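*Asks:* When you read off a place in the sequence shown, starting at 1, and then add 305, the result is the number in our numbering.
By construction, the Cβ of each residue, glycine as well, lies at the ideal position given by its N, Cα and C atoms.
Here the structure is a predicted model, which is why all the values come from computation and not from measurement.
Here's a structure for you.
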Amino acid sequence: MGQNNTHNSESREHRLERLKSHPVEAIETLLNSIANFFNNEILLTPTHYQTSLMFLGIHASALTIGEVFFQHKSDLDNYKDFMRTFIDGETEDTKFSLVAEHIHNWRNIIAHQWIGSLGHRVEYDYQAELGWQMVEDTLIINPRIYCDKYMDAFSARGRIWQYDSIFTEEQIVKAHEQIVRKYENR
């Protein structure tokens, strides 16, 4: 029988005790788990043109982390803040928070509906020099650049690891509480 390797290295009780021990322990367990397991799969998607899987995976990670740090009631707001805080590049075409609503809605079509009229206003261009551009009412996005910017956030010097200089101590404590609460409840 297969095992879920992200969770079988320790018992539920031991992990819960460890998560409760300190905010850094909880936050870095979450981030390291995503970086070491989930991102290894996301990283492969552009090379194999598995674009739908890439959007689903990045979005799942963004919402998981966004819910922990930002705790908005709206998934879209958590996603936008995740993009703005951790992913956005220096140039406008790599500021994915500017088109976060389009990407969020497109991911919702992929995840929950599969076909929708929004599909006529989203295009992929793996050869585009820009991360994204709007042409009339159509978002043209280079999935490779989008994925690269996401993966950059998890690199050794990536912004995701600088959370302690981005958030206040109070926000970090709230993030810790959120991680523990979600772990206990699901």
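Can you give me the start and stop residues for the beta strand (DSSP E) that residue 439 sits inside?
*Replies:* The count along the sequence shown starts at 1 and reaches residue 439 at position 134. Unbroken beta strand (DSSP E) run through residue 439: 437–440.
*Asks:* Could you give the residue range of the beta strand (DSSP E) that holds residue 403?
*Replies:* On the sequence shown, position 98 is the one that residue 403 refers to. Looking at the DSSP string, residue 403 is not in any beta strand (DSSP E), and its letter there is neither H nor E.
*Asks:* I believe residue 318 touches residue 324 by the beta-carbon criterion, under 8 angstroms. Please report the beta-carbon distance rounded to the nearest angstrom.
*Replies:* Within the sequence shown, numbered from 1, the residue matching residue 318 stands at position 13. Within the sequence shown, numbered from 1, the residue matching residue 324 stands at position 19. 11 angstroms between Cβ atoms; not a contact.
*Asks:* Report buried or exposed for residue 385, applying the criterion of at least 16 other Cβ atoms within 10 angstroms of its Cβ.
*Replies:* For the purposes of this step, residue 385 is identified with residue 80 of the sequence shown, where counting begins at 1. Residue 385 is buried by the Cβ-count criterion.
*Asks:* Under the three-state reduction of DSSP, which class applies to residue 420: helix, strand or coil?
*Replies:* Here the question's residue 420 lines up with position 115 in the sequence shown. In this structure, residue 420 counts as coil in the three-state DSSP scheme.
*Asks:* Which partner residues of residue 427 appear in the DSSP bridge assignment?
*Replies:* If you number the sequence shown from 1, residue 427 lands on position 122. Partner(s): 444.
*Asks:* What's the call for residue 468, buried or exposed, on a 16-neighbour Cβ count within 10 Å?
*Replies:* In the sequence shown, residue 468 corresponds to position 163, counting from 1. Its Cβ being crowded by 16 or more others within 10 Å, residue 468 is buried.
*Asks:* Classify residue 436 as buried or exposed, calling it buried when 16 or more other Cβ atoms lie within 10 Å of its own Cβ.
*Replies:* Your numbering for residue 436 matches position 131 in the sequence shown. It is buried - the Cβ of residue 436 has at least 16 other Cβ atoms within 10 Å.
*Asks:* Can you find the residues in the same chain that come closer than 7 angstroms, C-beta to C-beta, to residue 343, ignoring five residues on each side of it along the sequence?
*Replies:* Here residue 343 refers to the residue found at position 38 of the sequence shown. 362 and 366.
*Asks:* Buried or exposed for residue 454, please, with buried defined as at least 16 other CB atoms from any protein chain shown within 10 angstroms of its CB.
*Replies:* Position 149 of the sequence shown, counted from the start, is the residue given in the question as residue 454. Buried: at least 16 other Cβ atoms inside 10 Å.
*Asks:* Once DSSP output is grouped into helix, strand and coil, what is the label at residue 351?
*Replies:* Taking the sequence shown and counting its residues from 1, one reaches residue 351 at position 46. Looking at residue 351 - three-state DSSP - the assignment turns out to be coil, as it is neither helix nor strand.
*Asks:* Who are the near neighbours of residue 315 in its chain, counting only those whose CB is closer than 8 angstroms to its CB and skipping five residues on each side?
*Replies:* Residue mapping note: residue 315 aligns to position 10 of the sequence shown, counting from 1. The residues are 323.
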